[in-house]
Amino acid sequence: MIRSLFTLASALLPVAALVQSQPQAWPREVQAVYDELKAECRAGGGKFVPDRARFAVQTEVTGDGKPDWVVEYDAAHCSNQGYSAWCGTAGCMIAILGSGRGGLTEIFSNNVRGWEAVKLDRGGTGLGLSVHGTVCGSIGADMCLEVLRWDGRKWALAGRRRGTPEDIGTDGGEPALPPSPGHGARWQFGGTGAGAVAAVTGHPQFVALGLRCQPGGGLYMSVVPTKALRLPPAGRPLLIGFRSHGELTEATQQLMLEPGKPDFSGALDPAMQALLTGADADLAAYASTDGGDEWEEITYLSLAGSTAAIRSLEKQCPQVAAVSPAAKPGQSRAVPLPVGYYVDMRIGTCARPFGDGTLYLAEDRLVSPYNSCKFTSLKMVDGRNFRQTESCLDEDGRPTAGTTNYRVTGPRSFAVETYSEDWTWCPAAQLPAKARFYKGAGR
291 MIRSLFTLAS
301 ALLPVAALVQ
311 SQPQAWPREV
321 QAVYDELKAE
331 CRAGGGKFVP
341 DRARFAVQTE
351 VTGDGKPDWV
361 VEYDAAHCSN
371 QGYSAWCGTA
381 GCMIAILGSG
391 RGGLTEIFSN
401 NVRGWEAVKL
411 DRGGTGLGLS
421 VHGTVCGSIG
431 ADMCLEVLRW
441 DGRKWALAGR
451 RRGTPEDIGT
461 DGGEPALPPS
471 PGHGARWQFG
481 GTGAGAVAAV
491 TGHPQFVALG
501 LRCQPGGGLY
511 MSVVPTKALR
521 LPPAGRPLLI
531 GFRSHGELTE
541 ATQQLMLEPG
551 KPDFSGALDP
561 AMQALLTGAD
571 ADLAAYASTD
581 GGDEWEEITY
591 LSLAGSTAAI
601 RSLEKQCPQV
611 AAVSPAAKPG
621 QSRAVPLPVG
631 YYVDMRIGTC
641 ARPFGDGTLY
651 LAEDRLVSPY
661 NSCKFTSLKM
671 VDGRNFRQTE
681 SCLDEDGRPT
691 AGTTNYRVTG
701 PRSFAVETYS
711 EDWTWCPAAQ
721 LPAKARFYKG
731 AGR
């Protein structure tokens, strides 16, 4: 926003009161613009990173006394497009939706360096713009100020002049923002066997981010968040995304809160491991608390020393993978997950499972209330994947073997292979009675 840039023209007085800064519901036309940007970003494989508070502002610039809306496109960007998609030397793209009989319609769309509502000398309000210097016949970097008047059908130029030092002010313009906290810490390795860990500390949103070996093979990621990181609702995953500056590739890591701990943990995704051991000096970082619908950009993650630390950790993993400890109380004997009910958190919660549907992981098998097949076996295939085999009757009544493959996604969650599910452990006391179907080993 440009402020007080037009005050030197006696006929043009700023109308700050016309800008509504309080959060409010957007009109459907504004929401449609937002939803379209989000859909385009996600369709292209990117993470949608919005600044909702800045994306749309209610104001009045057409002089009819009815609310207009200014949409600032640079307030929402896609992780795989960067910030430059809507900005250039002429400023950043804005659109103005003006009120009419049929609702809001777009009446302005262009790149500007700033805008504000201004009061015109003949009454009513107009649109003040800071635009590319060449519009005023100067060089592009110079300031050029315009005032536009809306006549009900089109914009008419009400005034134009070059900017002066007085427009900028003695302080050089807008107050300088405090520098964003960075992250330059170095990864460290320590410990042996099951106690080995590769970790980095000092991140503004993470007290620590660490990797460790898991029984059965593979690595596990754990993060301890600081108060600066927004956390998901209870029972929902925290998604952490990283993007390589050099390779232009992204990966997403799903993490679940460990019971009784501040840690969010999950089996390390191979694509995430590739980024953490890549050639970048740091990775762009994102977090989502709503399953990946929208993301927040957080401080970049330093990779100083990460490859050496992770390679040292991997040397400790064979001895951990070879160990087959007895299941802890409350743990399944067959897979590294706790016994109990699981709810698909993608479409439900512990208190409200979709259709009261749950699965029950017993010590030796996974049970569904809708499955009439005879259980055969449940076993780990590798460090992250397990398989259940059952005998089911075909249409002729003959027994036929069938298998279902699953993937461990966290310390208390799993997914069916090839399906975007999020089966997460829930305390039985939190479930509705209809969802607590399991009666014991005889069922």
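Per the working numbering, residue 291 is the first one in the sequence shown, and the count goes up by one each step. Backbone N, C-alpha and C define an ideal beta-carbon position, used for all residues, glycine too. These numbers come from a predicted model, not from an experiment.
Does DSSP put residue i in a helix, in a strand, or in coil?
i, result
"MET635", "coil"
"CYS426", "helix"
"SER596", "helix"
"THR460", "Since pLDDT at THR460 reaches only 44, below the 50 mark, its modelled position is unreliable, and the value read off the structure follows with that caveat. If DSSP states are grouped into helix, strand and coil, THR460 belongs with coil."
"LEU410", "coil"
"TYR650", "strand"
"LEU521", "coil"
"GLY485", "helix"
"TRP376", "helix"
"LYS605", "helix"
"MET562", "helix"
"VAL309", "Bear in mind that the predicted position of VAL309 carries a pLDDT of just 43, short of 50, making it too unreliable to give a figure here."
"ASP364", "helix"
"HIS688", "The sequence as given places Arg at residue 688; His does not occur at that position. Looking at ARG688 - three-state DSSP - the assignment turns out to be coil, as it is neither helix nor strand."
"CYS503", "strand"
"GLN621", "strand"
"PRO340", "strand"
"LEU327", "helix"
"PRO628", "strand"
"ALA322", "helix"
"GLY700", "strand"
"PRO552", "coil"
"ARG391", "coil"
"ARG332", "helix"
"PRO643", "coil"
"PRO515", "strand"
"LYS729", "coil"
Please work out which residues of its chain come closer than 7 Å, Cβ to Cβ, to residue i, disregarding the five sequence neighbours upstream and downstream, and give them in chain order.
i, result
"ALA569", "GLY536"
"ASN695", "ASN675, ARG677 and GLU707"
"LEU651", "SER622, LEU627, VAL629, GLY630 and TYR632"
"TRP376", "TYR363, ASP364, CYS382 and MET383"
"THR424", "GLY430"
"GLY671", "The question names Gly, yet the displayed sequence has Val at residue 671. Closer than 7 Å at Cβ, skipping near neighbours: ARG677."
"GLY508", "ALA557, LEU558, GLY673 and ARG674"
"TYR728", "TYR650 and VAL657"
"LYS669", "ALA624, PHE676 and ARG677"
"LEU521", "PRO515, LEU528 and THR579"
Short of 8 Å in beta carbon distance, which residues of its chain neighbour residue i, apart from the five on each side in sequence? Order them along the chain.
i, result
"ASP553", "SER512, VAL513, VAL514 and LEU547"
"TYR373", "ASP364 and HIS367"
"VAL549", "Looking at the sequence shown, residue 549 is not Val but Pro. ARG702."
"SER389", "THR352, ASP354, LYS356, PRO357 and ASP358"
Could you give the C-beta distance for residue i and residue j, rounded to a whole number, given that I count them as a contact under 8 Å?
i, j, result
"LEU558", "ASP572", "Actually they do not touch by this definition, with Cβ atoms about 19 Å apart."
"PRO643", "VAL633", "4 Å"
"ASP684", "THR693", "Incorrect: roughly 15 Å between the Cβ atoms, too far for contact."
"GLY700", "GLY556", "4 Å"
"GLY525", "MET635", "6 Å"
"SER420", "ARG403", "4 Å"
"PRO527", "LEU545", "6 Å"
"THR648", "LEU721", "7 Å"
"LEU565", "ALA541", "5 Å"
So, for residue i: in the same chain, excluding its five sequence neighbours on each side, which residues have a beta-carbon less than 6 Å away from its beta-carbon?
i, result
"CYS607", "CYS503"
"GLN312", "Unreliable placement is indicated for GLN312, whose pLDDT of 47 sits below 50; no coordinate value is reported for it."
"VAL361", "VAL323, ALA346 and ALA385"
"ALA575", "PHE532, ILE588, TYR590 and LEU591"
"SER667", "THR679"
"SER578", "LEU529 and TRP585"
"LEU387", "GLU319, TRP359, LEU394 and GLU396"
"ALA446", "ARG439"
"ALA724", "Note that residue 724 corresponds to Lys in the displayed sequence, not to Ala. Result list for LYS724: ASP646, in chain order."
"ARG342", "none"
"PRO317", "LEU394"
"GLY257", "Outside the displayed range of the chain (291 to 733) lies residue 257, so it cannot be described from this structure."
"SER596", "TRP477 and LEU566"
"PHE398", "ILE386"
Worksheet item: Is there contact between the segment 478 to 496 and the segment 595 to 607, where contact requires at least three CB pairs shorter than 8 Å?
Response: yes
Discussion item. My parser needs the beta strand (DSSP E) runs of 3 or more residues fully inside the segment 702 to 726; what are they?
Written reply: 703 to 706 and 713 to 716
Worksheet item: Does the segment 636 to 655 come within contact of the segment 713 to 728, defined as at least 3 CB pairs closer than 8 Å?
Response: yes
Worksheet item: Is there contact here, the segment 376 to 389 with the segment 325 to 337, by at least three beta-carbon pairs under 8 Å?
Response: no
Practice prompt. Spell out a yes or no on whether the segment 434 to 444 and the segment 349 to 358 are touching, meaning 3 or more CB-CB pairs, one atom from each, closer than 8 Å.
Written response: yes
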